[in-house]
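So the structure is just underneath, and the comments pick up after that.
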Amino acid sequence: MGSVIIFHRRYPRYIETLVKLKFLSLHTVKLRVVNSPSAAPKKIVDRHSELAASQIIGYKIDPTEKWVAILALLQKNNEIVGKIQLFSIEKNASQIIDGYAASFYNYKFDGASQASVMFAFAQKFPSPRLGLIEVIKGDPAKQNVNTVIDIPIQPQQQQADFMVGLVVSVKYETILLVSRMGYIYGFYSGDGTLFFQGRVIDDIVFLTAYNQSTDGVTVVGKKGVVTNIYIEGDKLVPFICNGLKNVGLGCKIAARCNLPGADDIFVERFNALLNAGQIREAALIAANSPGELIRNANTINKLSQMQAQPGQNPPLFLYFATILESSSLNALEGFTLIQLLIPQNKLPAVEAWIVNDKIECSEKAGDLVKPYDQRLALMIYSKAHATGKVVQSLAEMGQSDKIVAYCERAGFSPDYLQILQQILPASGEAAKAYAASLIQQKGYDELDMISIIDLFARYRYLKEITALILDTLDGDNEQYANIQTKVLEMNLIGAPQIADTIFENDMLKHFDHNRIGKLCEQAGLFKRALQIFEQFDDIRRVLAHASAIPPELIIESFRKLEPEQAILVLQDLLRTNPRGNLQIIIKILLEFHTGLGDDKVIDLLQKFDCWEGLFYFLSQIVNTTNDKMVVFKYIEACARSGQFQELARVVQENDVYDPKEVKEFLKNAKIADQIPFIIVCDKHGYVEEMTQYLYQNGNHRFIEAYVKKINPMNTPKVVGALLDCGCGEDYIQQLINAVGGICPADELIKTCESRNRLIILLPWLEQRLSEGSPDVSLHTALAKVYVDQGKDAEKFLNNDMYYDSLIVGKYCEDRDPYLSYICYKRKNLDDELIDVTNRHNLFKYQAKYLVEREDLDLWNKVLTEENEHRKSVVEQVIHTALPECTDPNQILKTVQAFLQNDLPNDLIDLLDKLVSQNPEYSTNPTLQKLLIQTSIKAAPNRVMDYIRKLNDYDPKEIGESCIADNLFEEAFEVYTKFDLQEEAMDVLLQHIKDLTRAKDFADKAKKDILYKKLGEAQLDELKVKDAIISLMKAKDISLRSRVIDIAESDGSYEDLINYLLMCKEETKDMMVETELLYCYAKLKKNDEIENFLKTANCANLTSIAERCYNEELYGAAKILYTSLNNYIKLASCLLKLKFLSFIK
């Protein structure tokens, strides 16, 4: 689309390609052009970016040519939306408004000094509104009007209706809105008050336009009926006042539009106020009343007879003053006021009112004023257009120098040749004799001969005055050239044959050649005009009438012209009478074409549609030229002159042309034989456009010929174009079937599918299927059709091997998502399958697919925390998919997926359901282990139950898992259940740390290892006695060193003796026997020491003796040293013992 360009008053000299023209006003035309060799026109407004993809349907410009409105339609969200670009030329700014129809109009608000420019626009249903915006203020002191009025609609209008036309009745100040369904609304243009609505035509409105003759709207319906809708002025006001009970609006319209219907109301209000003495209020009513309804002689008489209130002006003066404040006085009122003011010497006030157009002037008022003020009277006469009185007054006032200027201005001619004028009506000859006597008396120099000639001419006495001039004037005298010119002029206008005789006899030689030449031209004396004229423009104009001029004179004239001038004249010949002038044109071109230039000749002939001449001219050069323009012009000439066979040959064999240009030309030419057009479109890729054109113009046989014989491979493009044209499906199917298998399937399917018309291919598709075609696109299309028809779609999708699963799956998503699932599952289209099952809550099928797929990556994608559908999928896996699964590997993959994605609780439910309800997996060790281990992590409260209930798991592994998560009682239960007593004892001692339960458990089990573990734990708790008992029960000597240390530290020598005796029985150990001796020593059991020494032993006697001595156990030391024969130490011991004895 080009820009919108406005030309103001001055237009380009040439416009090569005019796209669109529209007159916006008397002085402004809107043009859209491709290019122009002249200076670039002024661009007023560019299309707004929001309208870039729209279709421009109209333009409006306000009366002041300062605002432009561009009306457009565009498609948005599958809906046609109306947009209006309101553009201010002064501000160079745009505003986008929602709306379908708009208009500018003038409206003068009450109290405003001048009219405002209003912009009205209509917005869309289901909440239609009328908007009124004051774009140019009439009263700068008041706020701009910006009003939105809701438009009431009927229920049937809600969805399909919208406003398609908006016109403003200037005469009745009414906005008329027309909707698409034929409803019309009438609003008052001042404030948008709705006073009429209803349906006027039972048809879809196709077009609306303002009807200037009726000041209404012309509506064209879809059925072709044209309806003119207009307002009957004499019924409008009664309808509003009586029918709508809106007296205020009715009176306002009656007053502003000077309409009948509210006369009684105005009169009644006026009389009521007048009777109440409210003169000012009554005057306001009169000022707003239509015509002379109130403002007449009767009212003036009434007011004249009324008595004035004390201290106030007379009622009639008050009445006039009130009207003058806001309006002006009519002629009668003005005359009356002047009549009242003259006695008061207030003519200056009258003059001021007249200057400001506050009083309507009349000749009668001028006569009234003239005795008092002749200057003011002259002003009144002038404004009253009393021309005679003006001239008379000017003469009387001594202003004769102004009469001519006034007469020219007023179009009035004074009668200053009165005598002659009085004679002429009676007798031309008498007038001629009188004029002759005047000439004889005064001569030409003292007479206004031109005026005399004019007077004769006025009364049609051309012969008489011509004879008089020819008899009395020397034709060779240049001094009187103006009179010669006047005579010729008069005769050329009234009696051309007399003028032709004068020229033939060469009777007048000095005259205005330009003026007389033009009059010869106007009189049809073209030969004389051509002989007289000297300027090219004049010669050119006369040569346009070549048929009336001898050819040899024309050829001779061309020899004197420059090439550019010759071209202009040829243009005129072609413009005025191309057929009649063709012979002389050909002669001229043959004579002068070398000097003119072949290209200019082509332009010339083409410009004036002289195709026959252009054909013969170009046929001589077309086969040898490389000029695209020449070839195109030849093609055009062939078409215009009916040379269709030659046209077909040229477009097929010649490549020196612009295919788009030729295509558009052939399409617009609408020639009978469409083969050349088809050749161009097929050759250069305009098949769709060709098809639409042929179909819309009823050339079906050419379409069939094209797909059958010329290019069957383009059948898809033809089908697409036919569908776009709304062609019937039966015809398209016949066309496709006629082409058969030659037609490319993939392109044909795409064409129909893109237009949601795939169904029409069903017979053709099934035929190709029956032929065994493996074409993927064909099978895919069949799948889509079967899905739409519900025709064994699931069976086809499950069994067919060739269709594209991704494409068909996407196609089914909004129709039957389960079928999409089948398609995606077929080719393992994971992402698509997950998406469609998520969106349509098909989690059952998604769960089955996930289990069967055994793909951990896919599981991870589905079980991620970001997946909002994870819970639903997990539920279906647990309750549907896995219970129905018979493949252990699938189950293990599922469990693995749950583990990887940290779903312990769900995994517990899953495993519990498998183990508890599925006999096939009730004894599976792996599943039981997973169930318990998962419960340990996620549901510790359930672990004990599973430990007791399940039997096929590794107790050691489970026990360790329980211990690792501080489930010691559960671990103890596992070990106890599976008789792992050592592990159970470890739990009691190391984790539960209950020695009492441990002792009971050991006593119950009666196993040495358990007592050993118990004893060791008791040692840790320094329970020496209990530990020694436990270790003795266990017969364990491995801890003897530790027992000795702890027992000695605790002083439990008696218990230690028992443990050491048990150790002595089990092994020969120096430390045991040595420590036994020490215990005896500590307990002063010297007898036991002596008995011990009497037996074979391995005790370290030296060490223990020294130890006893050092600890003052001298009795035991004495026995030991005695045994060792260590008399020195023995002596020392005895001394120690004696000393002790002495002390005692």
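Numbering-wise (UniProt numbering), the sequence shown opens with residue 1 and increments by one.
Glycine is no exception: its CB is placed at the ideal position from the N, C-alpha and C atoms.
These figures come from a predicted structure and were not determined experimentally.
CB contact flag (residue i, residue j, <9 Å)
i	j	result
residue 1105	residue 1121	yes
residue 503	residue 528	yes
residue 1092	residue 1078	no
residue 341	residue 350	yes
residue 621	residue 648	no
residue 184	residue 200	yes
residue 877	residue 850	yes
residue 81	residue 116	no
residue 95	residue 87	yes
residue 483	residue 457	no
residue 66	residue 112	no
residue 118	residue 133	yes
residue 170	residue 217	no
residue 1145	residue 1010	Shown here, the chain extends from 1 to 1144; a query on residue 1145 therefore has no answer.
Host alpha helix (DSSP H) of residue i (start-end)
i	result
residue 104	Residue 104 -> not in any alpha helix (DSSP H); beta strand (DSSP E) instead, spanning 101 to 107.
residue 1042	1040 to 1050
residue 131	From DSSP, residue 131 is part of no alpha helix (DSSP H) but of the beta strand (DSSP E) over 129 to 136.
residue 538	536 to 543
residue 802	Element bounds for residue 802: n/a, residue is neither H nor E.
residue 121	Looking at the DSSP string, residue 121 is not in any alpha helix (DSSP H); the run it does join, the beta strand (DSSP E), is 116 to 122.
Same chain, Cβ closer than 8 Å to residue i, neighbours up to 5 away in sequence not counted
i	result
residue 399	Any reading at residue 399 needs caution, since the residue's pLDDT is 48, under 50, leaving its predicted position unreliable; the model's value is listed next. Nothing listed; no residue qualifies.
residue 969	944, 992
residue 681	663, 687, 689, 690
residue 1118	1130, 1133, 1134, 1137
residue 543	530, 549, 554, 557, 569, 572, 573
Backbone CA spacing between residue i and residue j [nearest angstrom]
i	j	result
residue 1033	residue 941	38 Å
residue 267	residue 361	26 Å
residue 637	residue 612	7 Å
residue 925	residue 756	58 Å
residue 1137	residue 1063	33 Å
residue 72	residue 642	40 Å
residue 629	residue 215	49 Å
residue 1008	residue 982	10 Å
residue 490	residue 587	38 Å
residue 486	residue 541	23 Å
residue 988	residue 964	15 Å
residue 967	residue 875	29 Å
residue 462	residue 425	14 Å
residue 33	residue 49	Any answer about residue 33 is weak, because its pLDDT of 45 lies below 50 and its placement is not dependable; what the coordinates show is given next. Roughly 20 Å between the two C-alpha positions.
residue 617	residue 547	23 Å
residue 365	residue 372	12 Å
Residues near residue i in its chain [Cβ-Cβ closer than 7 Å; skip 5 each side]
i	result
residue 1024	1046, 1047, 1050, 1052, 1055
residue 834	846, 862
residue 478	510
6 Å Cβ shell around residue i - same chain, five flanking residues per side excluded
i	result
residue 288	255
residue 605	613, 614
residue 25	The predicted position of residue 25 is uncertain, since its pLDDT is 45 and thus under 50; no value can be drawn from it.
residue 370	377
residue 1027	1015, 1018, 1019
residue 514	none
residue 197	185
Host beta strand (DSSP E) of residue i (start-end)
i	result
residue 91	Segment: none, residue 91 is in no beta strand (DSSP E) and carries neither H nor E.
residue 344	That residue, residue 344, is in no beta strand (DSSP E); it is neither H nor E in DSSP.
If we count Cβ pairs, one from each stretch, closer than 8 Å, do we get three or more for the region 189 to 198 versus the region 239 to 258?
-> yes
Could you say if the region 552 to 565 and the region 574 to 581 meet the contact criterion of at least three C-beta pairs nearer than 8 Å?
-> Contact fails: fewer than three Cβ-Cβ distances are below 8 Å.
Given 8 Å, three or more beta-carbon pairs between the region 327 to 344 and the region 286 to 300 = Yes: at least three Cβ pairs fall under 8 Å.
Touch check for the region 733 to 749 and the region 772 to 784: three-plus C-beta pairs under 8 Å?
-> yes
Could you say if the region 150 to 157 and the region 88 to 102 meet the contact criterion of at least three C-beta pairs nearer than 8 Å?
-> no
If we count Cβ pairs, one from each stretch, closer than 8 Å, do we get three or more for the region 270 to 287 versus the region 229 to 242?
-> no
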